[in-house]
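What follows is the structure, encoded as structure tokens:
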């Protein structure tokens, strides 16, 4: 999944960042290395499909839109609280019956 860029005002967008797999391991893949800058207050959200593909009991996906809404509505929260909010929302959505791993990394530039 492409990382999400969360602005201090709550705007969320996908970012291509470096154009390669950012979080995860693919055997035999030739990874590229690069750099990207963040402005003060901007937050990068890296996540695996275990979050967006979490399935409700009625077989609906958690989805990227729901993830982006949670991030946007809570953009002023500290990153550890934001991680907990996303994780808890995904687990609650599927009522604890996980089918995949949930991996999430959130980085914010403070100064």
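Residue numbers (our numbering): 47 to 157. Heads up, the beta-carbon is just placed ideally off N, CA and C, and yes, glycines get one too. What you are looking at is a predicted structure, and each value in this text was computed from that prediction instead of being measured.
Check	Outcome
With DSSP as the reference, please indicate the residues paired to residue 58 in a beta bridge.	52
Can you name the start and end residues of the beta strand (DSSP E) that residue 72 belongs to?	Note, residue 72: premise wrong, no beta strand (DSSP E); not H, not E.
Quick one: is residue 113 buried, meaning 16 or more other Cβ sit within 10 Å of its Cβ, or exposed?	buried
Rounded to whole angstroms, what's the CA-CA distance from residue 124 to residue 76? Just pull it up for me.	34 Å
For residue 72, count the other beta carbons within 10 Å of its own beta carbon; 16 or more makes it buried, fewer makes it exposed. Which is it?	exposed
Could you give the C-beta distance for residue 87 and residue 49, rounded to a whole number, given that I count them as a contact under 8 Å?	Actually they do not touch by this definition, with Cβ atoms about 16 Å apart.
Please find out if some non-hydrogen atom of the ligand NAD comes closer than 8 Å to the beta-carbon of residue 110.	No copy of the ligand NAD occurs in the structure displayed, which carries no ligand at all.
Could you name the residues that DSSP lists as bridge partners for residue 153?	90
Secondary structure at residue 131, three-state DSSP: helix, strand or coil?	helix
Taking residue 85 as part of the alpha helix (DSSP H), name the residues at either end of that continuous run.	Here residue 85 belongs to no alpha helix (DSSP H), and DSSP marks it neither H nor E.
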